[in-house]
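Quick notes on the structure that follows.
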């Protein structure tokens, strides 16, 4: 009996000393990730965390040797959006996580992983972080502080889940679940016969609060007299894209995300029977540097983002944005090019066939008539 009392006293002393240390230094949180996650996400998280008296440090595994104290924290969150990201990050830090007593949780890129965390806390952190968005992240930080201070956790707002598919508009208060709901919301905003440009995105841009590029693109479309339909979809569902946009009868679809399940997508594109073009963000340059670059699309981007999608039926790759301060920013002249083409396509669609004139332009390099057969 004395031994159990002794152990209990030791536990309470260690817990209280840890709590006292946190009280003196404030709660310290590391977000460990790789360079797929843009810096602006970590900047925003740092600012939101500070409002809750949490010191947040962003750690990229590519530069982790420059931050040897990354594990000297009160909590570590490992942010790995894709399977490859998790493998890469865990290869760099797994051995240290296995040996630490610091609570940690890995979000994304595979099944839930954690250490030194109560199961209920792990589940809530996963839910907040996975869904993302300013509200969820602020509630997560409030939850962390309540947990650390041993206050009731039920008083913290529950995570707001991100739907599998949805439609986004920068002026709306929330996400739209269907084209009909979106059209009803915007009926006083758009002409009844306005053409629709559909833009496929990743919901992570919303959850990471990185929508500035899409906001600018939507404004350009509306200024030209069109309706922007910015959406994400269930990538594994055979009718994922059609379920969201078919009722809108878009003139054109722009893909700005990394699509998977090529056979499924190819079948959908045939059903939609509209041009599907490739919209890219340059991660290698800012806008000024991109304008000066010899190659608008680097070779290491071409295979995954251009060549493979072209085999599914996508075409005409166009760089629409570049990174500024760690976040995609629209390249104005490129948006003008895209929106101008969209409006021209809309006009062509309404034009009688008898009045339509067709010109064919093809690539011929190096120049000379002997190359025509290859083209």
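Numbering (my numbering), first residue to last: 322 to 696. Backbone N, C-alpha and C fix where the C-beta goes; we use that ideal spot for every residue, glycine too.
First through last residue of the alpha helix (DSSP H) which encompasses residue i
i, result
"residue 452", "440 to 452"
"residue 594", "Element bounds for residue 594: n/a, residue is neither H nor E."
"residue 509", "Taken as a continuous stretch (DSSP letters only), residue 509 belongs to no alpha helix (DSSP H), as it is neither H nor E."
"residue 536", "533 to 544"
"residue 564", "561 to 566"
"residue 371", "360 to 371"
"residue 630", "629 to 633"
"residue 275", "This structure cannot settle anything about residue 275, because the visible part of the chain is limited to 322 through 696."
CA-to-CA distance, residue j to residue i, given in whole angstroms
i, j, result
"residue 660", "residue 398", "40 Å"
"residue 461", "residue 563", "34 Å"
"residue 424", "residue 438", "5 Å"
"residue 657", "residue 541", "8 Å"
"residue 396", "residue 430", "20 Å"
"residue 686", "residue 608", "28 Å"
"residue 454", "residue 613", "35 Å"
"residue 369", "residue 387", "24 Å"
"residue 643", "residue 473", "44 Å"
"residue 580", "residue 633", "10 Å"
"residue 366", "residue 353", "12 Å"
"residue 479", "residue 441", "13 Å"
"residue 617", "residue 509", "39 Å"
"residue 596", "residue 589", "12 Å"
"residue 624", "residue 420", "39 Å"
"residue 426", "residue 408", "15 Å"
"residue 677", "residue 667", "13 Å"
"residue 413", "residue 679", "56 Å"
"residue 527", "residue 403", "17 Å"
"residue 611", "residue 464", "42 Å"
"residue 306", "residue 492", "For residue 306 there is no data in the structure shown, the boundaries of the chain being 322 and 696."
"residue 650", "residue 523", "16 Å"
"residue 349", "residue 557", "38 Å"
"residue 452", "residue 459", "12 Å"
"residue 645", "residue 520", "21 Å"
"residue 448", "residue 488", "21 Å"
"residue 434", "residue 410", "13 Å"
"residue 466", "residue 593", "49 Å"
"residue 503", "residue 570", "14 Å"
"residue 635", "residue 574", "9 Å"
"residue 572", "residue 545", "14 Å"
"residue 547", "residue 351", "44 Å"
Interface flag, residue i vs chain D, CB-CB below 8 Å
i, result
"residue 474", "The displayed structure is made up of one protein chain only, and chain D is not part of it."
Collapsed DSSP secondary structure at residue i in the structure displayed
i, result
"residue 653", "helix"
"residue 423", "coil"
"residue 437", "coil"
"residue 606", "coil"
"residue 615", "coil"
"residue 461", "helix"
"residue 403", "coil"
"residue 583", "helix"
"residue 514", "coil"
"residue 498", "coil"
"residue 477", "coil"
"residue 686", "coil"
"residue 409", "helix"
"residue 392", "coil"
"residue 624", "helix"
"residue 519", "strand"
"residue 349", "strand"
"residue 669", "helix"
"residue 418", "helix"
"residue 677", "coil"
"residue 469", "helix"
"residue 493", "coil"
"residue 482", "coil"
Endpoints, the beta strand (DSSP E) within which residue i is located
i, result
"residue 382", "That residue, residue 382, is in no beta strand (DSSP E); it is neither H nor E in DSSP."
"residue 554", "Per DSSP, residue 554 belongs to no beta strand (DSSP E) and is neither H nor E."
"residue 636", "636 to 645"
"residue 575", "573 to 576"
"residue 488", "487 to 489"
In DSSP terms, what residue i is bridged to
i, result
"residue 354", "381"
"residue 648", "645"
"residue 548", "517"
"residue 660", "Answer by DSSP bridge pairing: none, since residue 660 is not bridged."
"residue 601", "640"
"residue 375", "348"
"residue 428", "400"
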